[in-house]
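In terms of the numbering used here, the sequence shown opens at residue 135 and continues consecutively.
All C-beta atoms, glycine included, are put in the ideal place defined by N, C-alpha and C.
First up is the structure itself, then whatever we jot down about it.
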Amino acid sequence: MAAARILIVDDHPLFREALKQAVSGGVAHAVVSLAGSLDQATALLDKDDDVDLILLDLRMPGVQGLSGLIYLRAQYPNVPVALITAADDHGLVQKALNLNASGFIPKTAEIDTIVGAVNAILKGDIWVPEGSAQSSAADKEGEEIARRVATLTAQQIRVLVMLKEGLLNKQIAYELNVSSRTQAVIAAARIDGVAAAEH
């Protein structure tokens, strides 16, 4: 049987290691890699993106809200991403699903539940805690934002993430290696509607 390649992205070393042990013990033929930040994760994925599942912490330095999910889904659209988080917000679960997350796993769940969720996602299922993915009229707006985000280029996604992090135009220009504030403003303006819709 082929190995299940899983990348855990979490900035807490103890939780990262505990999750690795749980997944390694509960998922058949699991090969688990670890990253302590989104930058580390993208460096690993740029070398080899043949990964079956990314388990992404929702809250890490440099990642606010769903920006990490948005970025990974844009950069590596063929790799399923599940959020693993201490946040317990039904609205957040639905937003994550609208942005094509493959799951939303609470860090507070029992190990058996986490392992079961990972196994379900590896089989192609979408996994969320029972009763947490209830639709509402607000979901239509979320679906529209998700549809618009899906049309952005990887570079535009980077600008969106930096806007959400509150970076100044000058900082965005530096990060994107554009030569002027004007170019940064133009890049940011192209996706300003999406950024505004998220707030």
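Only buried fits ASP144, as 16 or more other CB atoms lie within 10 angstroms of its CB.
Nearest Cα to ILE239 within the set ILE142, ALA137 and ALA136: ILE142.
The continuous stretches of alpha helix (DSSP H) do not include PRO240, which lies in the beta strand (DSSP E) extending over residues 237-240. Judged by their CB atoms, VAL215 and LEU226 are not nearer to each other than the 8 Å cut-off.
With 16 or more other Cβ atoms inside 10 Å of its own Cβ, LEU294 counts as buried. Taking each of ARG139, GLN228 and PRO147 in turn and checking the Cα distance to GLY265, the smallest one comes out for GLN228. With fewer than 16 other CB atoms across the displayed protein chains lying within 10 angstroms of its CB, GLY258 is exposed. Between the segment 172-180 and the segment 146-160 there are fewer than three inter-stretch CB-CB distances shorter than 8 Å, so the stretches are not counted as touching. Comparing alpha carbon positions, the residue from LEU256, LEU231 and ARG207 closest to LEU172 is ARG207.
Take ALA254, set aside five residues on each side of it, and the residues of its chain with a beta-carbon closer than 8 Å to its own are GLY237 and TRP261, in chain order. Beta-bridge annotation (DSSP): SER201 is not paired with any residue.
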